[in-house]
Ligand SMILES: [Ca+2]
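Residue numbers (the working numbering): 9 to 333.
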């Protein structure tokens, strides 16, 4: 069985509802005026509001991107090598070595193995080299105006204005994806306010340019939603013949000993580890495709992006970085 997968490149909660405007750019300037008024009412300074909306523009490209998110028919067997090509692994190892001291210091402080910080960085923005070049304010205003998820994007916009008002980033430098995911971690403004940190202590949280702020923000996100650095994310396994797939499910947790008794084995056929770990069984495609035991950190990564494919890509890249360095 193949399945249609919605592109998960953006950590955006997708809400249904809201009435789509015709996305007619004519009405955009007037809509921006209502946003400015609302921002002032919410206590954002006039100076920040004025500067943030200077040159605000309607992005037809953002609307098109949102309406035409690529859907592709694929399985993990074909997807994974594409999402984690060898060059990306090699680059991850290089980046890990280049920033080793900083990564290990941050990994220690927040309780996150550095390979996962590097893997998320690699998956989100190709190690900071592709962060998106949309004005975040304009992109969020466009998406709010477009209307299908107006409340969600308006809330993100007000939070973006708070970030500008606090002086973390110049409005012109606040760049990101068409959906408003920002900087090297691709945080939405709400995630920035909740989890981003000023690791280098220069008074600004800068997830665009400060390597320490980038790594620590990612680590703090994971730590805040329950990361357990004594364990890994999960592992690929093999099922016995006639395995009862009703036992699958991320929330149907059993001990590794129980899975072992049910005939589940390491992918290479060996026995499961004897550590006392609770795991779910995830079958992202079907039981003839790749199958995984999901540990607690799998659930944590799902908080970052609600996609099993995303978790497998991040975990697989982290594993290969660890093997190669
Ligand atoms: Ca900083």
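Glycine residues also receive a C-beta, built at the ideal position from the N, C-alpha and C atoms.
Being a predicted model, the structure only gives us computed values, none of them experimental.
At a cut-off of 7 Å, the beta-carbon of residue 218 counts as near ligand 1: some heavy atom of the ligand is closer than that. Under the 10 Å beta carbon count, residue 146 is surrounded by 16 or more other beta carbons and is classified as buried. The DSSP assignment places 79 to 82 as complete runs of the beta strand (DSSP E) inside the region 79 to 105, in order along the chain (cut-off: 3 residues).
Annotated three-state conformation of residue 300 is strand, per DSSP. For residue 32, the closest of 151, 143, 99 and 58 by C-alpha to C-alpha distance is 151. When DSSP states are grouped into helix, strand and coil, residue 182 belongs to the coil group. In this structure, the CA atom of residue 302 is about 27 Å from the CA atom of residue 222. Taking one beta carbon from each stretch, the region 148 to 162 and the region 68 to 76 have 3 or more pairs nearer than 8 Å; the two touch. Taking C-beta atoms as the reference points, residue 288 and residue 257 count as a pair closer than 8 Å. By a beta-carbon distance limit of 8 Å, residue 309 does not contact residue 290. Their separation comes to about 12 Å. At a Cβ-Cβ threshold of 8 Å, residue 96 and residue 325 count as neighbours. Put simply, the backbone Cα of residue 272 is about 23 Å away from that of residue 318.
Looking at the DSSP output, residue 290 bridges to 300. Selection 98, 58, 44 and 124 evaluated against residue 231 yields 124 as nearest (Cα-Cα). C-alpha of residue 63 to C-alpha of residue 191: approximately 21 Å in a straight line.
The Cβ atoms of residue 47 and residue 166 sit closer than 8 Å to each other. DSSP places residue 251 outside both helix and strand once states are collapsed to three, so it counts as coil.
Assignment of residue 237 by DSSP, reduced to helix, strand and coil, places it in the coil class. At least one heavy atom of ligand 1 sits closer than 7 Å to the Cβ of residue 213. Take the alpha-carbon of residue 137 and the one of residue 101: they are about 16 Å apart. Of the residues 139, 109, 43 and 35, the one whose Cα lies closest to the Cα of residue 216 is 139. Going by C-alpha positions, residue 203 is about 9 Å away from residue 227. Contact between residue 209 and residue 300 is absent: CB atoms are separated by about 39 Å, not below the 8 Å threshold.
Remark: the C-beta of residue 208 is in contact range of ligand 1, defined as less than 7 Å to any heavy atom. Taking C-beta atoms as the reference points, residue 264 and residue 283 count as a pair closer than 8 Å. Membership of residue 259 in any alpha helix (DSSP H) is not indicated; the residue belongs instead to the beta strand (DSSP E) covering 257 to 263. If you draw a 10 Å sphere on the C-beta of residue 305, you find 16 or more other C-beta atoms in it, and that means buried. Looking only at 43, 185, 60 and 54, the smallest Cα-Cα distance to residue 132 is reached by 185. Leaving aside the five residues that flank residue 253 on each side, the residues in its chain whose CB is nearer than 6 Å to its CB run, in chain order, 295. About 29 Å separates the beta carbons of residue 122 and residue 164, which is beyond the 8 Å limit, so they are not a contact pair.
DSSP places residue 245 in the uninterrupted beta strand (DSSP E) bounded by 242 to 246.
An exposed status is given to residue 86, since fewer than 16 other beta-carbon atoms sit within 10 Å of its beta-carbon.
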